[in-house]
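**Q**
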Amino acid sequence: MMGKKDGQMQIMIVDMDALIPENHLLKRIDNHIDFDFIYEKAAPYYSNIGRKSIDPVCMVKMLLVGYLYGIKSERRLTEDVALNLAYRWFCGFDLTDKIPNHSLFSQNRRRRFTDSKIFNEIFNHIVRLCIEKGIVTGEAVVSDGSFIPANVSAGSLIEIQQDIEQSTVHYLDSLDDELKRMPGYKEPEPTNMKRELRKVLPIWIADTSIKSAKKGLVT
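Quick look at the structure:
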């Protein structure tokens, strides 16, 4: 007899954490890193009055997802977070939570992070913790947000100086470039903050794996 789904609506309690594999990159990051430090870091960029903004931890996590997975469009980033269970869970959204639309997300990002080094500082701190805790063992972040598999012997390892600050600036610039191509784009209001570059972070990767780099190579 041919089976057929009845399509009947069901009400159930879903544990999103249980649905994400323990070896998933975002699960490993979440298990080992406390993101609450972001609230203190971001506090000077927020007013005590007015409408509530996007949670800064959610925003940084969304930007981190975009960086790690090579998502260089805020429209696509917000859509992917809405549709991808692992992204949604990592960024702190329940299944029924509405993800900020790309316009609201862009407005918040440009007000908080454009011409500021805060995202770079936060991201560098997170990357350092990932390396210290061995989360990125076998993988290495490269400047365009790609991953390079380092699956060869330890004897072939060489030290590569990766300019992480420059890399995060490039990522934010790519988001801005995508915005500038949209109809009705307006330049953000100038601020007194400047981006500070050239903070070098050494990362160990395998020299024999460099040629195998691919954008967005994360599973």
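Counting from 5, one number per residue, gives the positions in the sequence shown under this note's numbering. Note that the Cβ used here is the ideal one computed from N, Cα and C, for glycine as well. None of these values were measured; they are calculated from a predicted model.
L30 lies in the alpha helix (DSSP H); which residues open and close that run?
**A** Counting from one through the sequence shown, the residue named residue 30 turns up at place 26. Unbroken alpha helix (DSSP H) run through L30: L29 to H36.
**Q** Comparing alpha-carbon positions, which option in V69, E136 and Y91 lies nearest I24?
**A** Against the sequence shown, residue 24 aligns to sequence position 20. Minimum Cα distance to I24 is reached at Y91.
**Q** Go ahead and pull the three-state DSSP assignment for D19.
**A** Residue numbering aside, residue 19 sits at position 15 when the sequence shown is read from its first letter. D19: coil per DSSP, three-state reduction.
**Q** Kindly list the residues whose CB is nearer than 6 Å to the CB of P104, restricted to its own chain and excluding five residues on each side of it in sequence; keep chain order.
**A** Sequence index remark: in the sequence shown, residue 104 carries index 100 (1-based). Closer than 6 Å at the Cβ level, and outside the excluded window around P104, lie I58.
**Q** Give, in chain order, every unbroken run of the alpha helix (DSSP H) that is at least 4 residues long and sits entirely within the stretch 36–100.
**A** Fully enclosed alpha helix (DSSP H) runs of 4 or longer: 41–46, 60–72, 78–87 and 89–94.
**Q** Using C-beta distances below 6 Å, list every residue in its chain close to V61, excluding the 5 sequence neighbours before and after it, in chain order.
**A** Translated into the one-based positions of the sequence shown, residue 61 becomes position 57. Correct list, in chain order: F39 and I42.
**Q** Let me make sure I understand the geometry here. Which of F97, E78, G74 and C95 has the alpha-carbon closest to that of Q111?
**A** Position 107 of the sequence shown, counted from the first residue, corresponds to residue 111. Selected option, being the one with the closest Cα: E78.
**Q** For I24, which of helix, strand or coil comes out of DSSP?
**A** Locating residue 24 in the sequence shown gives position 20, where the first residue counts as 1. Three-state result, I24: coil.
**Q** Pair every Cβ in the stretch 17–37 with every Cβ in the stretch 88–102, then say whether three or more of these pairs are closer than 8 Å.
**A** A contact exists between the stretch 17–37 and the stretch 88–102.
**Q** If L99 sits next to M20, beta carbons under 8 Å apart, how far is it from one beta carbon to the other, in whole angstroms?
**A** Looking up residue 99 in the sequence shown gives position 95. Looking up residue 20 in the sequence shown gives position 16. Confirmed, Cβ separation roughly 7 Å.
**Q** Could you have a look at I103 and say whether DSSP puts it in helix, strand or coil?
**A** As a first step, residue 103 must be located in the sequence shown, where it is residue number 99. Coil, per DSSP.
**Q** Quick one, which of E44, D101 and L29 has its alpha-carbon nearest I126's?
**A** Position 122 of the sequence shown, counting from 1, holds the residue named residue 126. Considering only alpha carbons, the answer is E44.
**Q** Tell me whether K137 sits in a helix, a strand or coil according to DSSP, three-state version.
**A** In the sequence shown, residue 137 corresponds to position 133, counting from 1. Looking at K137 - three-state DSSP - the assignment turns out to be coil, as it is neither helix nor strand.
**Q** Between the Cα of R109 and the Cα atoms of Y71, L72, M66 and K121, which residue gives the shortest distance?
**A** Indexing the sequence shown from 1 puts residue 109 at position 105. The sequence shown places Phe at residue 109, not Arg. Ranking Y71, L72, M66 and K121 by Cα distance to F109 puts M66 first.
**Q** For I122 and A86, I'd like the C-alpha separation in whole angstroms.
**A** Here the question's residue 122 lines up with position 118 in the sequence shown. Here the question's residue 86 lines up with position 82 in the sequence shown. Cα to Cα, I122 sits roughly 25 Å from A86.
**Q** With a threshold of 16 other CB atoms inside 10 Å of the CB of L89, please say whether the residue is buried or exposed.
**A** Mapped onto the sequence shown, residue 89 falls at position 85. Exposed, since its Cβ has fewer than 16 Cβ neighbours within 10 Å.
**Q** For I130, count neighbouring Cβ atoms within 10 angstroms of its own Cβ and tell me buried if that reaches 16, exposed if not.
**A** Residue 130 sits at position 126 when you count from the first residue of the sequence shown. So I130 ends up on the buried side.
**Q** Helix, strand or coil, according to DSSP, for Q12 in the structure here?
**A** Start at 1 with the first residue of the sequence shown, and residue 12 comes out as number 8. Coil.
**Q** Could you check the C-alpha separation between S107 and Y175 for me, to the nearest Å?
**A** As a working note, residue 107 is residue 103 in the sequence shown. As a working note, residue 175 is residue 171 in the sequence shown. Whole-angstrom Cα-Cα distance: 18 Å.
**Q** Any idea if R55 is buried or exposed, counting beta-carbon neighbours within 10 angstroms, 16 or more meaning buried?
**A** The residue given as residue 55 occupies position 51 in the sequence shown. Its Cβ having fewer than 16 others within 10 Å, R55 is exposed.
**Q** Using only the alpha-carbon positions, how far apart do N124 and D84 sit?
**A** Sequence index remark: in the sequence shown, residue 124 carries index 120 (1-based). Sequence index remark: in the sequence shown, residue 84 carries index 80 (1-based). Cα to Cα, N124 sits roughly 23 Å from D84.
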